[in-house]
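> According to this note's numbering, the sequence shown is numbered sequentially starting from 91.
Backbone N, C-alpha and C define an ideal beta-carbon position, used for all residues, glycine too.
Below is one structure. I have some questions about it.
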Amino acid sequence: ADISIDGNIWRVRGGNLQASGQELHCGESATTMRFLISVCTCMPGRHVITGGPSLLQRPVSALVRALQQADIRITTMHDDSPPVIIEGDTFRTVEVSLPGDISSQYISGLMLAAPLTENGLILRLTTPPVSKPYLEMTIDMLRRFGVTVDALPQKFVIPHQIYHPAEVAIESDWSSASYFVALGAVSSQGITITSINPESLQADRAVLDIVRQMGASVAVDDNTVTVSR
Numbered sequence: 091a092d093i094s095i096d097g098n099i100w101r102v103r104g105g106n107l108q109a110s111g112q113e114l115h116c117g118e119s120a121t122t123m124r125f126l127i128s129v130c131t132c133m134p135g136r137h138v139i140t141g142g143p144s145l146l147q148r149p150v151s152a153l154v155r156a157l158q159q160a161d162i163r164i165t166t167m168h169d170d171s172p173p174v175i176i177e178g179d180t181f182r183t184v185e186v187s188l189p190g191d192i193s194s195q196y197i198s199g200l201m202l203a204a205p206l207t208e209n210g211l212i213l214r215l216t217t218p219p220v221s222k223p224y225l226e227m228t229i230d231m232l233r234r235f236g237v238t239v240d241a242l243p244q245k246f247v248i249p250h251q252i253y254h255p256a257e258v259a260i261e262s263d264w265s266s267a268s269y270f271v272a273l274g275a276v277s278s279q280g281i282t283i284t285s286i287n288p289e290s291l292q293a294d295r296a297v298l299d300i301v302r303q304m305g306a307s308v309a310v311d312d313n314t315v316t317v318s319r
């Protein structure tokens, strides 16, 4: 992919991805690894995905088993932990199942790959999902890039589709902001956080409801949130 950076603007030109020919090192980012595993299955060639010492101790067996259901040749070097070796190919089945109560990142990664498969993909969850807001964020981002998802309580149907370029404003991170919300809730002076979306799909936005229940004052004005004791 071709990536150029100009101030706060990142321009990415992709769409014709191929096996890199070298290891894809994800550092300690489990999210990166879990997304890449699914996406790499759709690209012909050999992919080796690895990471730092802590990441190499994180199991990925549930995702590996789900992909093996689609006859993808994928193995791990250390029992059920990375590095992960993938022989990219087309999915030979249109339906895979996996638990919904382990990591929503496995499901999100499969959603990202689903439009690239020849016949689309049906994701069936054998248990209810535990991180629904993150799945809703994934569906929303796919929609922005022209991909539709039929979301049922424990099933997602994603036909073969074409990703289209889009301009996206990256939201501020509610996980980071939650610390400042908590500080404002115990402070008589309070705190104001700007450039934050109070209607975000991010799960940690719930911190606003929590401090309200504890008696804090919360004022919302467009993309600004003020919290005080």
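Which of the three DSSP states, helix, strand or coil, is assigned to residue 135?
For the purposes of this step, residue 135 is taken as the residue at position 45 of the sequence shown. Of the three classes helix, strand and coil, the one that applies to residue 135 here is strand, per DSSP.
> Quick check on this structure: which residue in 252, 244 and 246 has the alpha carbon closest to the alpha carbon of residue 55?
Since the displayed the chain opens at 91 and closes at 319, residue 55 lies outside it and no answer follows.
> With 16 other CB atoms within 10 Å as the buried threshold, where does residue 95 fall?
If you number the sequence shown from 1, residue 95 lands on position 5. Flag for residue 95 reads exposed.
> Please classify residue 256: does DSSP put it in a helix, a strand, or coil?
Residue mapping note: residue 256 aligns to position 166 of the sequence shown, counting from 1. The answer is coil: DSSP assigns residue 256 none of H, G, I, E or B.
> Going by DSSP, what residue range makes up the beta strand (DSSP E) through residue 178?
If you number the sequence shown from 1, residue 178 lands on position 88. 171-178 is the span of the beta strand (DSSP E), which, as asked, contains residue 178.
> Please list the segments of the beta strand (DSSP E) lying wholly inside the region 241-311, counting only runs of 3 or more residues, in order along the chain.
Counting whole runs of 3 or more residues, the region 241-311 contains the beta strand (DSSP E) stretches 245-248, 281-283 and 307-311.
> Using 8 Å for Cβ pairs, my map puts residue 124 next to residue 193. What's the rounded Cβ distance?
The sequence position of residue 124 within the sequence shown is 34, counting from 1. The sequence position of residue 193 within the sequence shown is 103, counting from 1. Right, their Cβ atoms sit about 7 Å apart.
> Going by C-alpha distance, which of 216, 161, 231 and 217 is nearest residue 290?
In the sequence shown, residue 290 corresponds to position 200, counting from 1. The shortest C-alpha separation from residue 290 is found at 231.
> Buried or exposed: residue 242, going by 16 or more other Cβ atoms within 10 Å of its Cβ?
On the sequence shown, position 152 is the one that residue 242 refers to. Residue 242 should be labelled exposed.
> Where does residue 151 fall in DSSP's three states?
Here residue 151 corresponds to residue number 61 of the sequence shown, with the count starting at 1. Helix.
> Whether or not the region 130-147 and the region 102-116 are in contact is what I'm after, with contact meaning three or more pairs of Cβ atoms, one per stretch, closer than 8 Å; do they touch?
Counting Cβ pairs under 8 Å, three or more are found: they touch.
> On a Cα-Cα basis, can you pick out the residue from 187, 238 and 201 that is closest to residue 217?
Indexing the sequence shown from 1 puts residue 217 at position 127. Ranking 187, 238 and 201 by Cα distance to residue 217 puts 187 first.
> I need the straight-line Cα distance from residue 245 to residue 201, nearest angstrom please.
On the sequence shown, residue 245 is found 155 positions in, with the first residue counted as 1. On the sequence shown, residue 201 is found 111 positions in, with the first residue counted as 1. Approximately 11 Å between the Cα atoms of the pair.
> Ends of the beta strand (DSSP E) at residue 194?
Along the sequence shown, one-based indexing puts residue 194 at 104. Residue 194 -> not in any beta strand (DSSP E); alpha helix (DSSP H) instead, spanning 194-203.
> Classify residue 162 as helix, strand or coil using the three-state DSSP reduction.
As a first step, residue 162 is located in the sequence shown; it is residue number 72 there, counting from the start. Looking at residue 162 - three-state DSSP - the assignment turns out to be coil, as it is neither helix nor strand.
> Nearest-angstrom Cα distance between residue 239 and residue 181?
Locating residue 239 in the sequence shown gives position 149, where the first residue counts as 1. Locating residue 181 in the sequence shown gives position 91, where the first residue counts as 1. Cα to Cα, residue 239 sits roughly 18 Å from residue 181.
> Around the C-beta of residue 100, are 16 or more other C-beta atoms found within 10 angstroms, so that it is buried, or is it exposed?
On the sequence shown, position 10 is the one that residue 100 refers to. So residue 100 ends up on the exposed side.
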